[in-house]
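Asks: Could you have a look at this structure, given as structure tokens, before my questions?
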Ligand SMILES: Cc1cc2nc3c(=O)[nH]c(=O)nc-3n(C[C@H](O)[C@H](O)[C@H](O)COP(=O)(O)O)c2cc1C
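In our numbering, the protein residues as written are 54 to 564.
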């Protein structure tokens, strides 16, 4: 019976181009560029071999040595070229020349070197996963600088079996595969960082977060990325103006810019006095305050486009968003607002009104309880704001970074809420852990199309502490002063003095 030959092979990645002139040979690839003299016969021969397709190390040495010259310097040159080309080389495991698995580099830095497989127990990394990518089965990981394409059922079987701790010979027996093939595959998976051999250093990373980090920025993947407009010409972008929700509507009071400018404290005082406040005053938030807050934070000021380079309608709001996508919607769960029924509302940011979407007290209580859990059980805020994203606004334009950008939008909105609330002497607090499923149910949303990406508490400000405002963080364990923590106390004191001395319609008079 003929035995199969299992081999490690190497070839050029799909995106590599080679240009030859009389005096130079230049290889250009995603991660770099390598040039050598056209009269360097050994390297020229190696490149020809690599271009021809997957070859073994022995084939490359043979090609290099066939050009003449001393073996030692020629092989040193071969190693130099392979090291320079590391971001351009696809390594594979082949059986009788048939590729079973291919290791594709995702960065220019990897030093892929298949070594003998670990002699003892081995398992997939907890960060690795198997999925369909186009027509291929692939093994990937948030940690790995490679993608392993599983080109044959044997490779898929070995990858799947490694979800349990095992060893090479047991795997070969269990899967009825040639032990050499299993050994080469396990060695390749290990060298590509897909097994638990290299998990150290990433032990604090959660599976999905490391993957999200790796994939939502450039540098560690070769997927489409950025403003690629993947659905342009295929379907219309979502409209800028949110389609009005059905339900009883409450018009919100508006404010005049001059009036707000007259009574608002200067930015530096607002920024320095800003802090998270999780207790509320004896009086409820008023509809006037809620109207002013939403108008200043989240209203739609204008819609514009489509235009050249921007084939969709953009939204102008008081805070910025990538591509002016304005994907974030604000929902208001009113618990204690004078002049407003206890209910959940969509903030119609065009008409500046609230549209009731839920009045079921069981659901409202559940949503508000979630906020209390986030703050460790502080009192129910007058208002819980839920920020949702209309994901399609982002994914129509952006590839790979749409959700990361949305979370940044949520952060921008948090700070805008903090600053406006502080300027208005309201009690603000951002929340970090909302329930996207529950809020989708309460707000009547289709989770995959629009759901919550952030929450924010708001209420009337409690009376100032009798001792007056303290420097930021004073009294916290091991507190150490750096860079004027007194500014926070001085700004808070100034704002409190103002709030105590003058009516809200008077101008800000300063410290
Ligand atoms: C994105 C974000 C998430 C937060 N999540 C929570 C939270 O879930 N619960 C909470 O009590 N405070 C939360 N906070 C408030 C922080 O605890 C607070 O900003 C921090 O302790 C600093 O205090 P300061 O805001 O008074 O300066 C959050 C703040 C931000 C910006």
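Virtual Cβ for every residue (Gly too), placed ideally from N, Cα, C.
Alpha carbon to alpha carbon, what distance is there between residue 539 and residue 268?
Replies: 42 Å
Asks: Within the present structure, is the beta-carbon of residue 469 separated from the nearest heavy atom of ligand 3 by less than 7 Å?
Replies: Ligands in the displayed structure: ligand 1; ligand 3 is not one of them.
Asks: Just to confirm, is the Cβ distance from residue 59 to residue 237 under 8 Å?
Replies: yes
Asks: According to DSSP, is residue 165 helix, strand or coil?
Replies: coil
Asks: Looking at residue 78 and ligand 1, is the gap between the Cβ and the nearest heavy atom below 7 Å?
Replies: Short note on residue 78: C-beta not closer than 7 Å to any heavy atom of ligand 1.
Asks: Do you know offhand how far residue 351's Cα is from residue 437's?
Replies: Spanning the two alpha carbons is a distance of roughly 15 Å.
Asks: Where does residue 459 land, buried or exposed, given buried means 16+ other C-beta within 10 angstroms?
Replies: buried
Asks: For ligand 1, any of its heavy atoms closer than 7 Å to the Cβ of residue 428?
Replies: Within the cutoff, so yes.
Asks: With which residues is residue 151 paired in a DSSP beta bridge?
Replies: Residue 151 is bridged to 148.
Asks: Is DSSP giving residue 42 helix, strand or coil here?
Replies: As displayed, the chain neither begins before 54 nor continues past 564, which places residue 42 out of reach and without an answer.
Asks: Using the three-state DSSP reduction, which class does residue 479 fall into: helix, strand or coil?
Replies: strand
Asks: What is the DSSP secondary structure of residue 58, reduced to helix, strand or coil?
Replies: The answer is coil: DSSP assigns residue 58 none of H, G, I, E or B.
Asks: Thinking just about the alpha-carbon of each residue, which of 346, 181, 145, 289 is nearest to the one in residue 307?
Replies: With respect to the C-alpha of residue 307, the residue from 346, 181, 145, 289 having the closest C-alpha is 346.
Asks: Go ahead and pull the three-state DSSP assignment for residue 596.
Replies: Lying before the first or after the last residue shown, residue 596 is absent from the chain, which here runs from 54 to 564.
Asks: Just the Cα atoms here: how many angstroms apart are residue 106 and residue 133?
Replies: 20 Å
Asks: Cβ of residue 411 versus every heavy atom of ligand 1: is any distance shorter than 7 Å?
Replies: In this structure, ligand 1 has no non-hydrogen atom nearer than 7 Å to the beta-carbon of residue 411.
Asks: Report the rounded CA-to-CA distance for residue 355 versus residue 212, giving the unit in angstroms.
Replies: 53 Å
Asks: Does the beta-carbon of residue 472, which I'm using as the reference point, lie nearer than 7 Å to any heavy atom of ligand 1?
Replies: False, no ligand heavy atom lies under 7 Å from that Cβ.
Asks: Starting from residue 73 and walking both ways along the alpha helix (DSSP H), at which residues does that stretch end?
Replies: Careful: residue 73 lies outside any alpha helix (DSSP H), inside the beta strand (DSSP E) at 70–73.
Asks: So residue 203 and residue 191 are in contact, right, with Cβ under 8 Å, and what is the actual spacing, rounded?
Replies: Rounded to the nearest angstrom, the Cβ distance from residue 203 to residue 191 is 7 Å, consistent with a contact under 8 Å.
Asks: Excluding the 5 residues flanking residue 333 on each side, which residues of the same chain have their C-beta closer than 7 Å to its C-beta?
Replies: 432, 434, 435, 480, 512, 513, 515
Asks: Apart from the five residues on each side of it in sequence, which residues of its chain come closer than 8 Å, Cβ to Cβ, to residue 166?
Replies: 244
Asks: Touching or not, the segment 313–325 and the segment 414–431, by the rule of three or more beta carbon pairs under 8 Å?
Replies: no
Asks: Rounded to whole angstroms, what is the Cα-Cα separation between residue 380 and residue 168?
Replies: 49 Å
Asks: Please report the distance separating the alpha-carbon of residue 370 from that of residue 275.
Replies: 34 Å
Asks: Tell me the DSSP bridge mates of residue 158?
Replies: 199
Asks: By DSSP's criteria, residue 186 is part of a beta bridge. Which residues make up the other side?
Replies: 189
Asks: Measuring only from the beta carbon, is residue 203 closer than 7 Å to any heavy atom that is part of ligand 1?
Replies: no
Asks: Just curious, the beta strand (DSSP E) that residue 351 is in, first and last residue?
Replies: Element bounds for residue 351: not the beta strand (DSSP E) but the alpha helix (DSSP H), 340–351.
Asks: Please classify residue 104: is it buried, with 16 or more other beta-carbons within 10 angstroms of its beta-carbon, or exposed?
Replies: Classified as exposed, residue 104 has fewer than 16 neighbouring CB atoms from the shown chains inside 10 Å of its CB.
Asks: When every heavy atom of ligand 1 is checked, does at least one fall within less than 7 Å of the C-beta of residue 422?
Replies: Because no heavy atom of ligand 1 lies under 7 Å away, the Cβ of residue 422 does not count as near it: no.
Asks: With hydrogens ignored, establish whether the beta-carbon of residue 485 is closer than 7 Å to any heavy atom of ligand 1.
Replies: yes
Asks: Under three-state DSSP, which class holds residue 409?
Replies: Residue 409: strand per DSSP, three-state reduction.
Asks: Where does residue 109 sit, in a helix, a strand or coil, going by DSSP?
Replies: If DSSP states are grouped into helix, strand and coil, residue 109 belongs with the strands.
Asks: Just list the residues that DSSP pairs residue 65 with in beta bridges.
Replies: 142
Asks: Expressed to the nearest angstrom, what Euclidean distance is found between the alpha-carbon atoms of residue 498 and residue 464?
Replies: Residue 498 and residue 464 have their alpha carbons spaced roughly 22 Å apart.
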